[in-house]
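> Just dropping this structure here.
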Amino acid sequence: ATAGGADTQVQFNDAGVFGGVAGFVYDKTNDAVTIIGSSTSTTPVNGLTVRNTNTTSNNGAWIQFSINRTTPGQITAGAIGGTLAGDGNNGELAFYTRNAASLTETMRLTLSGSLGLNVVSPTNDLSFGGNSPRKIWLERHTTADTAGNNLTIQSGGATSGATNRAGGALILQSAISTG
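Using our numbering, read the sequence shown as starting at 269 and increasing by one per residue.
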(Lines of atoms letter the chains of each structure in order from A and count residues from 1; the text may use other names and numbers.)
(Lines give C-alpha, C1' and ligand atoms only; values in the text may rest on other atoms or scores of the structure.)
Protein backbone atom coordinates (compact mmCIF):
# COMPACT_ATOMS: atom_id res chain seq x y z
CA ALA A 1 0.00 0.00 0.00
CA THR A 2 1.15 3.52 -0.73
CA ALA A 3 1.40 5.98 2.13
CA GLY A 4 -1.05 8.86 2.06
CA GLY A 5 -0.45 12.44 3.08
CA ALA A 6 2.84 14.26 3.54
CA ASP A 7 5.85 13.45 5.73
CA THR A 8 4.98 13.45 9.51
CA GLN A 9 1.22 13.23 8.88
CA VAL A 10 -0.55 10.43 10.75
CA GLN A 11 -1.89 7.78 8.36
CA PHE A 12 -5.52 6.71 8.45
CA ASN A 13 -7.98 4.72 6.34
CA ASP A 14 -9.75 7.09 3.93
CA ALA A 15 -12.37 5.07 2.02
CA GLY A 16 -10.01 2.11 1.64
CA VAL A 17 -6.82 4.05 0.83
CA PHE A 18 -4.22 5.58 3.10
CA GLY A 19 -4.84 9.23 3.87
CA GLY A 20 -3.24 11.99 5.87
CA VAL A 21 -4.02 15.61 6.70
CA ALA A 22 -1.85 18.55 7.74
CA GLY A 23 -3.86 18.95 10.96
CA PHE A 24 -2.92 15.53 12.39
CA VAL A 25 0.86 15.21 12.71
CA TYR A 26 3.38 13.13 14.66
CA ASP A 27 6.68 14.86 15.52
CA LYS A 28 9.19 12.01 16.03
CA THR A 29 11.98 14.34 17.22
CA ASN A 30 9.91 15.68 20.13
CA ASP A 31 7.70 12.57 20.53
CA ALA A 32 4.53 14.66 20.22
CA VAL A 33 1.21 14.42 18.40
CA THR A 34 -0.34 17.66 17.16
CA ILE A 35 -4.00 18.08 16.24
CA ILE A 36 -4.91 21.33 14.51
CA GLY A 37 -8.46 22.37 13.70
CA SER A 38 -9.76 25.43 11.92
CA SER A 39 -13.45 25.52 12.80
CA THR A 40 -15.01 28.90 13.53
CA SER A 41 -17.72 27.27 15.66
CA THR A 42 -18.07 28.43 19.27
CA THR A 43 -18.75 24.85 20.39
CA PRO A 44 -16.22 22.00 20.40
CA VAL A 45 -16.47 20.29 17.01
CA ASN A 46 -12.87 19.34 16.19
CA GLY A 47 -9.69 18.42 17.98
CA LEU A 48 -9.35 15.41 20.25
CA THR A 49 -12.34 13.35 21.34
CA VAL A 50 -11.99 10.68 24.03
CA ARG A 51 -15.04 8.42 24.02
CA ASN A 52 -16.23 5.68 26.38
CA THR A 53 -18.92 3.51 24.76
CA ASN A 54 -19.87 1.78 28.05
CA THR A 55 -23.44 2.89 28.85
CA THR A 56 -23.53 1.96 32.56
CA SER A 57 -23.98 4.84 35.01
CA ASN A 58 -21.08 6.63 36.72
CA ASN A 59 -18.60 6.01 33.92
CA GLY A 60 -16.45 8.51 32.10
CA ALA A 61 -13.90 9.17 29.41
CA TRP A 62 -10.43 10.01 30.72
CA ILE A 63 -7.12 11.49 29.71
CA GLN A 64 -4.38 10.09 31.95
CA PHE A 65 -0.96 11.61 32.43
CA SER A 66 1.53 8.78 32.96
CA ILE A 67 5.25 9.07 33.65
CA ASN A 68 7.92 6.37 33.43
CA ARG A 69 10.16 6.22 36.50
CA THR A 70 13.06 3.93 37.29
CA THR A 71 11.35 3.12 40.60
CA PRO A 72 8.43 2.25 40.91
CA GLY A 73 8.06 2.14 37.12
CA GLN A 74 5.24 3.79 35.22
CA ILE A 75 2.86 5.82 37.39
CA THR A 76 -0.17 7.90 36.52
CA ALA A 77 0.45 11.38 37.93
CA GLY A 78 -3.04 12.64 37.24
CA ALA A 79 -6.15 12.43 35.09
CA ILE A 80 -8.91 14.63 33.73
CA GLY A 81 -12.22 13.07 32.88
CA GLY A 82 -15.70 13.78 31.71
CA THR A 83 -18.28 11.93 33.79
CA LEU A 84 -22.02 11.49 33.47
CA ALA A 85 -24.12 13.41 35.97
CA GLY A 86 -27.76 13.51 36.96
CA ASP A 87 -29.96 11.62 34.52
CA GLY A 88 -26.97 10.54 32.41
CA ASN A 89 -27.53 13.18 29.74
CA ASN A 90 -25.40 15.78 31.52
CA GLY A 91 -21.65 15.92 32.02
CA GLU A 92 -19.18 17.10 34.64
CA LEU A 93 -15.39 17.38 34.67
CA ALA A 94 -13.33 15.62 37.35
CA PHE A 95 -9.63 16.20 38.04
CA TYR A 96 -7.51 13.56 39.79
CA THR A 97 -3.99 13.82 41.22
CA ARG A 98 -1.74 11.14 42.68
CA ASN A 99 -1.41 10.93 46.44
CA ALA A 100 1.10 8.17 47.27
CA ALA A 101 -0.26 4.94 45.79
CA SER A 102 -3.62 6.05 44.36
CA LEU A 103 -5.41 8.66 42.32
CA THR A 104 -7.71 10.94 44.32
CA GLU A 105 -10.32 13.32 42.96
CA THR A 106 -9.13 16.81 43.93
CA MET A 107 -11.41 19.05 41.86
CA ARG A 108 -14.83 18.79 40.16
CA LEU A 109 -16.67 21.20 37.91
CA THR A 110 -20.38 20.36 37.98
CA LEU A 111 -22.98 20.78 35.28
CA SER A 112 -24.43 23.74 37.21
CA GLY A 113 -21.05 25.52 37.23
CA SER A 114 -20.12 24.80 40.85
CA LEU A 115 -16.46 24.13 41.56
CA GLY A 116 -15.45 21.73 44.30
CA LEU A 117 -11.90 21.63 45.67
CA ASN A 118 -11.33 18.36 47.54
CA VAL A 119 -15.08 17.73 47.46
CA VAL A 120 -16.82 15.51 44.89
CA SER A 121 -20.32 17.05 45.18
CA PRO A 122 -19.99 20.81 45.74
CA THR A 123 -23.13 22.37 47.22
CA ASN A 124 -22.17 26.00 46.51
CA ASP A 125 -20.56 27.94 43.65
CA LEU A 126 -17.16 27.33 45.28
CA SER A 127 -16.91 24.52 47.83
CA PHE A 128 -13.88 23.33 49.79
CA GLY A 129 -13.51 19.89 51.39
CA GLY A 130 -14.28 20.22 55.10
CA ASN A 131 -11.81 17.81 56.73
CA SER A 132 -9.27 20.54 57.51
CA PRO A 133 -9.13 24.36 57.68
CA ARG A 134 -8.97 26.14 54.32
CA LYS A 135 -7.49 29.48 53.35
CA ILE A 136 -7.99 31.78 50.37
CA TRP A 137 -4.62 33.30 49.65
CA LEU A 138 -3.05 35.70 47.20
CA GLU A 139 0.56 34.67 46.62
CA ARG A 140 3.34 37.17 47.28
CA HIS A 141 4.47 39.37 44.43
CA THR A 142 7.47 37.75 42.70
CA THR A 143 9.26 40.97 41.73
CA ALA A 144 11.90 42.10 44.25
CA ASP A 145 11.21 45.24 46.30
CA THR A 146 7.56 45.42 45.21
CA ALA A 147 4.52 46.07 47.40
CA GLY A 148 1.89 43.36 47.72
CA ASN A 149 -1.23 43.18 45.55
CA ASN A 150 -4.81 43.70 46.69
CA LEU A 151 -7.37 40.91 47.00
CA THR A 152 -10.90 42.25 46.55
CA ILE A 153 -14.06 40.32 47.36
CA GLN A 154 -17.11 42.26 46.25
CA SER A 155 -20.81 41.54 46.24
CA GLY A 156 -22.94 42.20 43.18
CA GLY A 157 -24.30 45.63 42.40
CA ALA A 158 -27.83 46.67 41.47
CA THR A 159 -28.80 46.51 37.82
CA SER A 160 -27.53 49.28 35.58
CA GLY A 161 -30.00 52.15 35.38
CA ALA A 162 -31.94 51.05 38.49
CA THR A 163 -33.28 53.76 40.81
CA ASN A 164 -32.88 53.50 44.60
CA ARG A 165 -31.66 49.90 44.56
CA ALA A 166 -28.98 48.80 46.98
CA GLY A 167 -26.07 46.59 45.98
CA GLY A 168 -25.80 43.10 47.38
CA ALA A 169 -24.49 42.63 50.91
CA LEU A 170 -21.13 41.02 51.63
CA ILE A 171 -21.78 38.48 54.38
CA LEU A 172 -19.14 36.63 56.38
CA GLN A 173 -20.79 33.93 58.43
CA SER A 174 -19.47 31.28 60.78
CA ALA A 175 -20.46 27.66 60.34
CA ILE A 176 -23.50 26.02 61.91
CA SER A 177 -22.78 24.45 65.29
CA THR A 178 -24.33 21.32 66.79
CA GLY A 179 -25.28 20.23 70.29
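Backbone N, C-alpha and C fix where the C-beta goes; we use that ideal spot for every residue, glycine too. Since the structure is predicted, the reported quantities are computational estimates derived from the model, not experimental observations.
For Thr258, count neighbouring Cβ atoms within 10 angstroms of its own Cβ and tell me buried if that reaches 16, exposed if not.
With the chain running from 269 to 447 in the structure shown, residue 258 is simply not present.
> Using the DSSP secondary-structure output, state which residues sit across from Asp282 in a beta bridge.
Translated into the one-based positions of the sequence shown, residue 282 becomes position 14. Note: Asp282 sits in a beta bridge opposite Val285.
> Would Gly305 and Gly287 be called neighbours here (beta carbons separated by less than 9 Å)?
As a first step, residue 305 is located in the sequence shown; it is residue number 37 there, counting from the start. As a first step, residue 287 is located in the sequence shown; it is residue number 19 there, counting from the start. For Gly305 and Gly287, no; Cβs fall outside 9 Å.
> Are the segment 354 to 368 and the segment 328 to 346 touching by the rule of at least three beta carbon pairs closer than 8 Å?
Judged by Cβ distances under 8 Å, the segment 354 to 368 makes contact with the segment 328 to 346, as three or more pairs qualify.
> Only counting the same chain, and skipping five residues up and downstream in sequence, which positions put a Cβ closer than 6 Å to that of Gly349?
For the purposes of this step, residue 349 is taken as the residue at position 81 of the sequence shown. Once the five neighbours on either side are set aside, the close Cβ partners of Gly349 are Gly328, Trp330 and Ala362.
> Quick check on the DSSP output: what are the complete beta strand (DSSP E) runs of length 3 or more inside the segment 348 to 391, in order along the chain?
Listed in chain order, they are 358 to 367, 370 to 377 and 383 to 385.
> Could you check where the beta strand (DSSP E) with Leu394 kicks off and where it finishes?
Position 126 of the sequence shown holds residue 394. Leu394 to Phe396 is the span of the beta strand (DSSP E), which, as asked, contains Leu394.
> Tell me which residue opens and which closes the beta strand (DSSP E) that Ala329 is part of.
Residue numbering aside, residue 329 sits at position 61 when the sequence shown is read from its first letter. Start and end: Gly328 to Ile335.
> Just tell me which of Ser307, Val278 and Asp299 has its CA closest to the CA of Val293.
Start at 1 with the first residue of the sequence shown, and residue 293 comes out as number 25. Closest by alpha carbon: Val278.
> Got a sec, what are the start and stop residues for the beta strand (DSSP E) Ile303 sits in?
The sequence position of residue 303 within the sequence shown is 35, counting from 1. Note, Ile303: beta strand (DSSP E), Ala300 to Ile303.
> Does Thr321 come out as helix, strand or coil in the three-state DSSP assignment?
The count along the sequence shown starts at 1 and reaches residue 321 at position 53. Three-state DSSP puts Thr321 in coil, outside helix and strand.
> Is His409 closer than 9 Å to Asn448 when the C-beta atoms are compared?
In the structure displayed, the chain extends from 269 to 447; residue 448 sits before or after that span and is not available.
> Tell me which same chain residues have a C-beta within less than 7 Å of the C-beta of Asn386, skipping the five on either side of it?
Taking the first residue of the sequence shown as position 1, residue 386 is located at position 118. Same-chain partners within the cutoff: Thr374, Phe396 and Gly397.
> Since Gln277 sits in a beta bridge, which residues does DSSP pair it with?
One-based indexing of the sequence shown puts residue 277 at position 9. Partner(s): Val293.
> Mark Arg376 as exposed unless 16 or more other C-beta atoms lie within 10 angstroms of its C-beta, in which case mark it buried.
To locate residue 376, count along the sequence shown from 1; it is residue 108. Arg376 should be labelled buried.
> Leaving out five residues before and five after Gly359 in sequence, what residues of the same chain have Cβ atoms less than 8 Å from its Cβ?
Walking along the sequence shown from the start, residue 359 turns up at place 91. Gly350, Thr351, Leu352, Ala353 and Leu379, listed in sequence order.
> Which of helix, strand or coil does DSSP assign to Thr344?
Position 76 of the sequence shown holds residue 344. If DSSP states are grouped into helix, strand and coil, Thr344 belongs with the strands.
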